[in-house]
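Numbering (my numbering), first residue to last: 6 to 181.
We put the CB at the ideal spot given by N, CA and C, even for glycine.
Because the structure is a prediction, the values reported are computed rather than measured.
Working notes, beginning with the structure itself.
Written out as structure tokens, the structure is:
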């Protein structure tokens with residue numbers, strides 16, 4: 006990654022974390038928890054748009070997640086926080102020690118900062134504030150937040166890079 010690309014990736018990651026920080030604070034103080042009130046949208050959400058492109062719904066829904074993805078292991082909150090802190094420390098160590106020219110560096114930046122944003126939530130709100138509820142043509146995604154998107158997109162783009170790199174090597178090995 007060139008120096009300018011390095012700066013852009015870090016800037017975007019920090020900007021996303023700041024937006025995540027402020028939106029979670031706003032959601033936490035301004036919205037009732039999910040399931041506490043009934044509206045047109047499912048599960049007590051506050052509608053942003055409905056039936057966009059013939060089946061896309063988006064609503065704001067306050068959920069405090071004490072566990073991992075989809076709320077799993079919520080009874081082990083302290084252990085999860087400890088593991089997350091250790092993992093983020095290792096990722097930051099990799100970022101600082103590694104070269105920004107390595108494949109997947111930008112993806113790792115987004116994964117690390119997204120994970121850090123969710124750790125901060127545990128100390129601010131005693132759990133991760135999830136608030137984006139998206140339904141695509143009948144499939145209702147679990148409620149998520151901007152930090153979760155950073156992690157998911159970082160992992161997805163990293164996988165795409167790895168697959169692309171592997172295919173490039175396979176093509177070089179093909180004898181014509």
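Buried versus exposed, by CB contacts within 10 Å (16 or more), residue i
i           : result
residue 23  : exposed
residue 171 : exposed
residue 77  : exposed
residue 36  : buried
residue 91  : exposed
residue 121 : buried
residue 101 : exposed
Whole-number beta carbon distance between residue j and residue i, since they are thought to touch under 8 Å
i           : j          : result
residue 134 : residue 67 : 7 Å
residue 168 : residue 25 : Not quite, the Cβ-Cβ distance comes to about 28 Å (not below 8 Å), so this is no contact.
Closest residue to residue i among the options (Cα-Cα distance)
i           : options            : result
residue 99  : 168, 112, 150      : 112
residue 71  : 26, 166, 85, 21    : 85
residue 147 : 20, 15, 163, 50    : 50
residue 166 : 97, 110, 125       : 110
residue 28  : 52, 155, 136, 108  : 136
residue 32  : 149, 154, 164, 155 : 149
residue 74  : 123, 11, 96, 60    : 123
residue 34  : 54, 69, 18         : 69
residue 163 : 141, 121, 107, 142 : 107
residue 82  : 92, 127, 62, 54    : 127
residue 56  : 103, 142, 155, 153 : 142
Any non-hydrogen atom of the ligand HEM within 8 Å of residue i CB
i          : result
residue 64 : For the structure depicted, the ligand HEM is absent and the ligand set is empty, with no information on it obtainable.
Handout entry: contact_flag[the segment 151-167, the segment 109-117] where n(CB pairs < 8 Å) is 3 or more
Key = yes
Exercise for the section: Write down every uninterrupted run of the alpha helix (DSSP H) in the segment 77-110 whose length is 4 residues or greater and which is fully enclosed by it, in chain order. Expected result: Within the segment 77-110, the complete alpha helix (DSSP H) runs of at least 4 residues are 82-102.
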